[in-house]
């Protein structure tokens, strides 16, 4: 796989036509964007705080909303890990699309399986 | 048969195979077992897949032999259960799923996009080793008693009621699944990142699009099978209770998770075959594929819709009636992109200069048989008729039409079409055309009676059946014998052609596509210099101009 | 070079997407049974130590932070700091596994491992389990059939956390290898891809735990 030997003949984004020399930066999969440690520290702090919050909320009786709040907080925490620790905020569209398709399919699995389970008891045919 | 042929071979008295090619480049067993060359890995896969196909085929022969008579006289019912289960497992997981992607896909993908190799050669080799390990585990499982649950591992039968090698086989399929995932992953990365300059998405051969769509299915669907098998193993070994009604578990949950993969799996199997058909039909009608964009987008649409329809395998299992409505409708929709492709291929043929070489014969077989199989799928998609037809021989006939009449014919079409590129030699045309005909006749005789049997009510997976079904079963077995000959012949003459076949030259079919612009067999690095693509796919005018420019030497 | 970086990063993302679907099957199963057997799930989740669960969550979050910092060190060519970050991540991973082992051991001792002399006594007779009973005095005894469903909860608990722990073990092993290579300067000379891609994997494993924690430990801890 020595396709990168001659950077001027090979165009990694096959066909789009833009050319750049070996020193020019292009935001690919985030590797050219160095995320500062300040952001990491902030995100880590938020994560720890939200962990404490979610643990505390579970001791409060919100009925069915306990699950909603817990999952909401979990999704929020996961999002900031994905966006900042995993650099998705600075990543290419392809990375975002890949991640989105995985999440979408996960939702399809859940939703369509639930379409069976939640409707089993409806009426009697 | 027309004596017209588009084959142009070099002068056989002076033609020689190129001295330096990917086969002769390095010698020794280790150079093959530790290779990163996608063409060598494809060859390794071809040999292993053929081996497992032969075993699966032998098991099929045993099934048909047993079903010659209404009684379970050739083997005990339990043994029969093991035979059809192993037949299904080997054919689905060790043959159909990897067949075209791992052999033709591995070989052709980098060639078609103008790359030197796949993006991750070591992962490619790992894929093959995982496949071999899975195969060995399945052989071990077979030799120590096999499984008798059917390839579908239905719970709680497989977790609580049989004492066969469910765990070993389940783990073997787990490993095979990862082989599949890594192949698909490799393809997706390669197609996105390693196309030659000028090779835009819409200049790609449709074979690449089909494999791309199949790879998406492999990557996204197979992990769910993996976790399902893990849960089956845990349930069987540790009784965790998720599938055990006595502990509150739900067997239907297994079905949901299993079919969530296994339905897209059938599209993993068929999409690469459709890719082959696009290439072959175009070449042998000397016409670009009609509606390139439609075919390309249909491939992706099939991949997307494939994930929304799995419950149609579960209509009679106790799922909610309302969900059957939803899934029945979605299943009808998924048939549409496949139909679009058939229409597009038909329009490609229309007003084309058609010749009848072997790959084209197999492709014609595909179009007819896949269409028949697909249309019978519509009966099964409709819940009302499915209740009568499911778990009968109608289903067996349906999936054999699409898988064997469709996919296996496409595989043979592709093997014959690219054989000259792979080995540098042509296969013998007359006997191969005969074999194609024998296969077609044998196939129809084997599986068409099974539609009738299913409608009449003969259940599947039974060693014994009521005597009134015997006549049709005898037809089916007779057909199976003919089919067996039809599959044996290629193995024989293709092996023969390795030594005695005519030298093919670079482009015996005068086809478009980057793989036909290089020597046969190709160099290890594929292209002496990176190609720059400035013409559309299936551009036969470009090919004509090019032929006139360069004088071929030998 | 850029193309190589793009390629392996994209490949790692695709692999992570397969992992999403892999764990997805487990989450789907969990969802079904939690809906069906909510009282059993509540009672069973009270058997898990919220202290250890929260501690583990914090441990993993910090390890994710140290891993992200490791990637930054590799990008800015700070070899010593990189080795430190990787070692911290390694140690925190081991701490997580240690706490997990302690939890598993406790489950084993209380006969809450499915099919391994599984006992529903803690649920049919909460008073027999003073530790949990004092923390949740309002927990009523479950009827026998619902108490039996707690075995499904624990089955899923072990399957999900076990699968997660397996991924942790694999990650820690690779970390060990990376520490070796990092000390030799392999990642601070511009070739950051391996560290970056491993970081993606490690963060993913953290995210799985971020979801496992509320789903398994925090079902309902209120009176």
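Protein chains in written order, with the working numbering: chain S, 486 to 610; chain G, 26 to 579; chain F, 1483 to 1705. Even glycine gets a Cβ: it sits at the ideal position worked out from N, Cα and C.
Determine the contact status of residue i and residue j, defining contact as a CB-CB distance below 8 angstroms.
i	j	result
residue 529 of chain S	residue 1578 of chain F	no
residue 1519 of chain F	residue 1642 of chain F	no
residue 1604 of chain F	residue 1595 of chain F	no
residue 559 of chain S	residue 1693 of chain F	yes
residue 228 of chain G	residue 558 of chain G	yes
residue 232 of chain G	residue 289 of chain G	no
residue 252 of chain G	residue 200 of chain G	no
residue 539 of chain S	residue 555 of chain S	yes
residue 1499 of chain F	residue 576 of chain S	no
residue 273 of chain G	residue 1631 of chain F	yes
residue 1597 of chain F	residue 263 of chain G	yes
residue 394 of chain G	residue 460 of chain G	no
Quick one: Cα of residue i to Cα of residue j, how far?
i	j	result
residue 513 of chain S	residue 525 of chain S	Note that residue 513 of chain S scores 42 on pLDDT, short of 50, meaning its location in the model is unreliable and no value can be drawn from it.
residue 72 of chain G	residue 1584 of chain F	49 angstroms
residue 1702 of chain F	residue 1545 of chain F	27 angstroms
residue 1634 of chain F	residue 1524 of chain F	12 angstroms
residue 1690 of chain F	residue 592 of chain S	15 angstroms
residue 420 of chain G	residue 574 of chain S	48 angstroms
residue 1516 of chain F	residue 407 of chain G	32 angstroms
residue 94 of chain G	residue 489 of chain G	8 angstroms
residue 44 of chain G	residue 50 of chain G	9 angstroms
residue 548 of chain G	residue 541 of chain G	13 angstroms
residue 601 of chain S	residue 172 of chain G	30 angstroms
residue 360 of chain G	residue 590 of chain S	20 angstroms
residue 260 of chain G	residue 1638 of chain F	10 angstroms
residue 1668 of chain F	residue 405 of chain G	58 angstroms
residue 396 of chain G	residue 1493 of chain F	36 angstroms
residue 458 of chain G	residue 386 of chain G	7 angstroms
residue 400 of chain G	residue 392 of chain G	12 angstroms
residue 256 of chain G	residue 455 of chain G	51 angstroms
residue 339 of chain G	residue 1677 of chain F	45 angstroms
residue 176 of chain G	residue 1651 of chain F	32 angstroms
residue 1552 of chain F	residue 527 of chain S	16 angstroms
residue 143 of chain G	residue 217 of chain G	11 angstroms
residue 221 of chain G	residue 569 of chain S	33 angstroms
residue 146 of chain G	residue 433 of chain G	27 angstroms
residue 588 of chain S	residue 1602 of chain F	37 angstroms
residue 508 of chain S	residue 230 of chain G	Note on residue 508 of chain S: pLDDT 39, under 50, position unreliable in the model; the coordinate value appears next. One C-alpha to the other measures close to 34 angstroms.
Using DSSP bridges, identify the partner residues of residue i.
i	result
residue 551 of chain G	G:548
residue 484 of chain G	G:417
residue 311 of chain G	Note: residue 311 of chain G sits in no beta bridge, so no partner.
residue 450 of chain G	G:528
What does a CB cutoff of less than 8 angstroms around residue i pick up in its chain, not counting 5 residues either side in sequence?
i	result
residue 1478 of chain F	For chain F, the structure presents residues 1483 to 1705; residue 1478 of chain F sits outside this window and is missing.
residue 1581 of chain F	1534, 1537, 1538 and 1541
residue 564 of chain G	313 and 537
residue 443 of chain G	129, 132, 133 and 540
residue 521 of chain G	453
residue 270 of chain G	181 and 276
For residue i, collect the residues of the same chain with a Cβ closer than 6 angstroms to its Cβ; drop the 5 residues on either side in sequence, then sort them by chain order.
i	result
residue 451 of chain G	445, 526, 527 and 529
residue 241 of chain G	328
residue 487 of chain S	Since pLDDT at residue 487 of chain S reaches only 40, below the 50 mark, its modelled position is unreliable, and no value is offered.
residue 152 of chain G	204, 207 and 208
residue 415 of chain G	341
residue 1612 of chain F	none
residue 111 of chain G	84, 167 and 171
Give every residue of the same chain whose Cβ lies closer than 7 angstroms to the Cβ of residue i, excluding the five residues on either side of it in the sequence, and list them in chain order.
i	result
residue 66 of chain G	60, 131, 149, 150 and 153
residue 1656 of chain F	1680
residue 418 of chain G	475, 478, 479, 483 and 485
residue 190 of chain G	166, 169, 170, 171 and 172
residue 629 of chain G	This structure gives no information on residue 629 of chain G, because the portion of chain G shown stretches from 26 to 579.
Alpha helix (DSSP H) segments (min. 4 residues) lying fully within the region 507-538 of chain G: none
For a minimum of 3 consecutive residues, which ranges assigned as the beta strand (DSSP E) are wholly contained in the region 145-229 of chain G? none
Hey, which unbroken runs of the alpha helix (DSSP H) at 4 residues or more fall wholly within the region 359-447 of chain G? 383-406, 408-414 and 418-425
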